[in-house]
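As structure tokens, the structure follows; a few thoughts come after it.
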Amino acid sequence: MYVYAPLAHRMGLYTIKTEMEDLAMKYMEPDTYRYIAQKLQDTKKDRNRYINDFIKPLKFKLEKTGLNFEIYGRPKSIHSIWNKIKKKGVSFEEVYDLFAIRIIVDSAPEKEKEDCWKVYSIITDAYNPSPERLRDWLSNPKSNGYEALHTTVMGPQGKWVEVQIRTKRMNEIAEKGLAAHWKYKEGTPESNRDESRFDQWFQQIREALNTQDSNSLDFLQDFKTSFLTEEIYVYTPKGDVKMLPIGASALDFAFSVHTAVGSKCIGAKVNHKLVPISHKLRSGDQIEIITSAKQKPNIEWLNFVVTSKAKTKIKDTLKEEKRAIAEEGKYILQRKLDSMNAIMNPSNLEELTSFYKLSSSLDLLYEIATKKIDLKELKEFTVHGDKLIAPKPVKNTPEIKTETDFTQRPLPKKDTELIIFGESSDKIMYTLANCCKPIPGDDVFGFVTTGEGLKIHRTTCPNATRLMANYGHRVVKTKWAKNKEISFLTGLKIVGLDDVGVIHKITNLISGEKKVNISAMTIEANDGIFEGNLKVFVHDKEELDELVDALLNLPGIERVDRFDTE
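Take the sequence shown: its position 28, counted from the start at 1, is 88 in the numbering used here, and no numbers get skipped.
Here it is as structure tokens:
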């Protein structure tokens, strides 16, 4: 989910990307996966009937043009349907594009664009399009070679339907990714062959892979943000197109032009308006970089950039400066060691680095030069021959933590127990992650943090994929033990019709019938619709699900969603 599915997507291998996402979801969120799969199975007949009704008038019109074409409907993947449900906050039944209609035209290379627009014209004559939902990747193909026209139109029974228009060549590139891309590239005469965006993207990856001095976790993070996100297209003052990842800043653009331009950048003009170097770019922006000979990179710049190239170049410059300052530290240390009859060698430097708990000898020499380390502890070292031996650390009796931090959750009577698979079922110390607020019954995993022991996250937590991918060795499989003696705070968002007595009905159901404690409640009404945010104490997911079902059964209540409390 974190690397390989996005990588397949960026390489145009959509079939593999879809299969990977669905397989990952099958194990990470099994209940949701089964629910959507079952719903798709149940609605298959109705969907097929609808697709046929939708296609019939289009087929008739397309045949009249004499175009050689195929037209068919295909279901969306389970994972993409789930993403829509989460993003739009709707139910399965309300997801309008459960399937996409695909039209593939057999066109000669010189007539491809013309034919695709001709098909678009026929579709929009038959059905009304949504202007915001037109995606034109004919004029501006994606960096992975993907070309197509996507539009969303209003079909029969008032349903929105996505239609994808491609030629046979475009479809092959979409289905087979880079293999088809090179197959068609070979067919172009050498003289006409421009370096495609796909090749530029690969060239950037090669450059990133050649940078060996970053650690693997930093590399993975940079790789993800630089190469696996969707891209935006921006323009130089001369009108040349540059491709950057979403979230890129004016400083990223400066480094993409040239390292020297990036290093001297003091600001930019975006669409002729002056902006700071941290300004986030959007597709279609035209950027002019402003430089100064006095400017040089500083550590703050790392917060302003997302591209691997910019990060690497900034780190390299900072490292060079650090090395220059560290030379002074080397001279100070040399004098101290001489006075002790010890020598400056890698082994002694390593001993000192380890003693001061630093990650490298460069950091040690830098901190000596900047007076963060004054070397007064050197007198406690002993010298054997020319080797420095660090003093033995005094052992402290570790403090035993006897209580879990429950500051976020009042009403505790007894710790809720977690069982770790494959090990003992003894009670262990843990805290619940604030980013996703798990409650008993949620699918969870334990994450061993460096300072706070075991933290419990929901598998649907926004941070779950990143933690599992980057720190797999620190993930512990966990499940809840049965315990009804502690309440957990969780949030519910209720949307419905603003009717007389609706608040009374809700509070009566929660506190009266269900005997659930309400911690906080805010209600906002607007144009006959009310939105309520409640914080309630529940014992587990089962109790929460029962409460949600009961609320949905109240007249006028449209939606009840769980949200994570602050």
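The beta-carbon is built from N, C-alpha and C at its ideal position, and this holds for glycine as well.
- Message: Just to confirm before moving on: does the CB-CB distance between R534 and F507 stay below 8 Å?
- Response: Remark: C-beta atoms of R534 and F507 approach each other more closely than 8 Å.
- Sorted by chain position, which residues of the same chain lie with C-beta nearer than 6 Å to T319's C-beta, five sequence neighbours on each side aside? Correct list, in chain order: K373.
- Task: Please classify P498: does DSSP put it in a helix, a strand, or coil?
- Result: Of the three classes helix, strand and coil, the one that applies to P498 here is coil, per DSSP.
- Test item: CB-CB of G556 and G501 under 8 Å: For G556 and G501, no; Cβs fall outside 8 Å.
- R94 classed as buried or exposed, judged by whether at least 16 other C-beta atoms fall within 10 angstroms: By the neighbour-count definition (other C-beta atoms within 10 Å, threshold 16), R94 is an exposed residue.
- Please work out which residues of its chain come closer than 8 Å, Cβ to Cβ, to I306, disregarding the five sequence neighbours upstream and downstream, and give them in chain order. The beta carbon of I306 lies closer than 8 Å to those of T289, E290, E291, I292 in the same chain, with the five residues before and after it left out.
- From S151 to P90, what distance separates their C-alpha atoms? Here the C-alpha atom of S151 lies approximately 18 Å from the C-alpha atom of P90.
- Task: Might you give, ordered along the chain, the residues of its own chain that have their beta carbon closer than 7 Å to the beta carbon of I141, omitting 5 neighbours on each side?
- Result: The beta carbon of I141 sits closer than 7 Å to those of I96, V155, L158, all from its chain and outside the five residues before and after it, given in chain order.
- Backbone secondary structure at I326 - three-state DSSP: DSSP places I326 in strand when its eight states are reduced to three.
- Task: Taking all protein chains shown into account, decide if Y180 is buried (16 or more other Cβ within 10 angstroms of its Cβ) or exposed.
- Result: So Y180 ends up on the buried side.
- Query: In terms of residue numbering, what span does the beta strand (DSSP E) encompassing P492 cover?
  - Reply: Reading off the sequence shown, one finds Leu at residue 492, where the question assumed Pro. Start and end: 490-492.
- Look at the Cβ atom of K328, then the Cβ atom of H339, and state whether they are nearer than 8 Å. Inspection of the sequence shows that residue 328 is occupied by Ala rather than by Lys. Against a cut-off of 8 Å, the Cβ pair of H339 and A328 comes out as a contact.
- Message: Within a Cβ cutoff of 6 Å, which residues of the same chain sit near M61, ignoring the five residues on either side of it in sequence?
- Response: Closer than 6 Å at Cβ, skipping near neighbours: A84, T525.
- Per DSSP, cross-strand counterpart(s) of T211: Answer is V223.
- Query: Any Cβ of chain C within less than 8 Å of the Cβ of T92?
  - Reply: Looking at the structure shown, chain C is missing, and only one protein chain is on hand.
- Between M214 and R162, what straight-line distance do the alpha-carbon atoms span, to the nearest angstrom? Distance from the CA atom of M214 to the CA atom of R162, rounded to whole angstroms, is 16 Å.
- What separation, rounded to the nearest whole angstrom, lies between the Cα atoms of F548 and D621? Distance from the CA atom of F548 to the CA atom of D621, rounded to whole angstroms, is 17 Å.
- Is the beta carbon of I566 less than 8 Å from the beta carbon of G592? In contact: I566 and G592 (Cβ atoms closer than 8 Å).
- Message: Contact between the stretch 371-385 and the stretch 343-352 is defined here as three or more beta-carbon pairs at a separation below 8 Å; is this criterion met?
- Response: No, they do not touch.
- Across which residues does DSSP place P615 in a beta bridge pair? None, per the DSSP bridge assignment.
- Query: For the alpha helix (DSSP H) that contains T78, what are its first and last residues?
  - Reply: If you look at T78, you'll find it in the alpha helix (DSSP H) that goes 74-88.
- Message: Report the CB separation of V598 from T550 in whole angstroms; it is logged as a contact under 8 Å.
- Response: Correct: roughly 6 Å between the Cβ atoms.
- How many whole angstroms separate the CB atoms of E698 and K369, which I take to be in contact at a CB cut-off of 8 Å? Nothing in the structure corresponds to residue 698, since the chain is present only between 61 and 626.
- Should the stretch 392-400 be regarded as contacting the stretch 356-370, the criterion being three or more beta carbon pairs within less than 8 Å? Touching, no, given that fewer than three Cβ pairs across the two stretches are closer than 8 Å.
- Query: Going straight from the alpha carbon of V301 to that of P336, what length do you get?
  - Reply: Straight-line Cα distance between these residues: approximately 21 Å.
- For the beta strand (DSSP E) that contains L549, what are its first and last residues? Taken as a continuous stretch (DSSP letters only), the beta strand (DSSP E) holding L549 covers 548-557.
- Item | Any 3 or more C-beta pairs closer than 8 Å across the stretch 128-146 and the stretch 184-203 | Counting Cβ pairs under 8 Å, fewer than three are found: no touch.
- Opening and closing residue of the beta strand (DSSP E) in which Y132 lies: Looking at the DSSP string, the run of the beta strand (DSSP E) that includes Y132 is 129-135.
- Cβ-Cβ separation, K121 to I131 (assumed contact under 8 Å), whole Å: That belief does not hold up - the Cβ atoms of I131 and K121 are roughly 11 Å apart, past 8 Å.
- Task: Let me know if M230 comes out buried or exposed under the rule of 16 or more other beta-carbons within 10 Å of its beta-carbon.
- Result: Under this definition M230 is a buried residue.
- Does the Cβ of A580 have 16 or more other Cβ atoms within 10 Å, making it buried, or fewer, making it exposed? By the 10 Å Cβ count, A580 comes out exposed.
- Residue closest to L435, alpha-carbon to alpha-carbon, out of H444, G445, A450: Comparing Cα positions, the closest option is A450.
- Query: Taking just the CA atoms, how far does F279 sit from Q324?
  - Reply: Note that residue 324 corresponds to Lys in the displayed sequence, not to Gln. Each residue's Cα considered, the two are about 25 Å apart.
- Query: Are I516 and L492 close, meaning C-beta to C-beta below 8 Å?
  - Reply: Yes, they are a contact pair.
- Proximity below 8 Å, CB of K228 to CB of I164: Yes, the pair counts as a contact, with Cβ atoms nearer than the cut-off.
- Query: Quick one, which of D113, E153, M80, A65 has its alpha-carbon nearest L100's?
  - Reply: Comparing alpha carbon positions, the residue from D113, E153, M80, A65 closest to L100 is E153.
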